[in-house]
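To start, the structure under review is shown below, and the notes come after it.
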Amino acid sequence: AKGGAGGKCNTSLSQQLDGGDRFYCQGKEAGVAGELAELYLEMKIIADIGLVGLPNAGKSSLLRAVSSAKPKVAAYPFTTLRPHIGVVHYDGYHRLQMADIPGLIEGSSLGHGLGTSFLKHIERCKSLLYVVDMSNENDDPIETITILEKELTAFKP
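So that you can map any letter, position 105 of the sequence shown is 105 in our numbering, and since no number is skipped, the others follow by simple counting.
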């Protein structure tokens, strides 16, 4: 949309400041209106690093440990329902944003679990960090990474 032509003087400001020596509007002139348009904007980058993993892998706990973010942490799946962003400060004045993404399950790219709505957040991260829970002897970390990679590659927005 094309912007309009600007006017001369901000009339609300001039009424507040008239009579003072600082500012006075002479020759007040209204501007010309610009075009109207309805736009849909989508934010593409939300974080430098996105934490990706199965539910209860420790993504929120990691974000809490390295930043001042306070995402909810609980012992049940799908505690995180929307991404949480934390700012990680390191090496003096350098910093990066880290996003806690809701947990992926097998079939997320097909709409299972929390569905595909949060998978969009993953493509908005510059890089991904897989968080794998190593505390359960029965879970195979290679299988977990395979599930995550399969869901990420199957998702087509």
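Even for Gly, the Cβ is constructed at its ideal location relative to N, Cα and C.
All figures in this text were calculated on a predicted structure; none of them were measured in a lab.
Exercise for review: Below 7 Å CB to CB, which residues in the same chain sit around lysine 70 once its five sequence neighbours on both sides are set aside?
Suggested key: Arg64
Review point. When the Cα of glutamate 151 is compared with those of His121, Val131, Lys126, Leu104, which residue comes out closest?
Key: Leu104
Review point. Which runs of the alpha helix (DSSP H) fall wholly inside the segment 27-82 and span at least 4 residues, in chain order?
Key: 59-66
Practice item. Look up alanine 1 in the DSSP assignment and say whether it is helix, strand or coil. Key: coil
Point to revise | Reference glutamate 38, options Thr144, Lys120, Asp48, Lys2, closest by Cα | key: Lys2
Review point. Per DSSP, arginine 95 forms a beta bridge with which residues?
Key: As DSSP reads the structure, arginine 95 sits in a beta bridge with His89.
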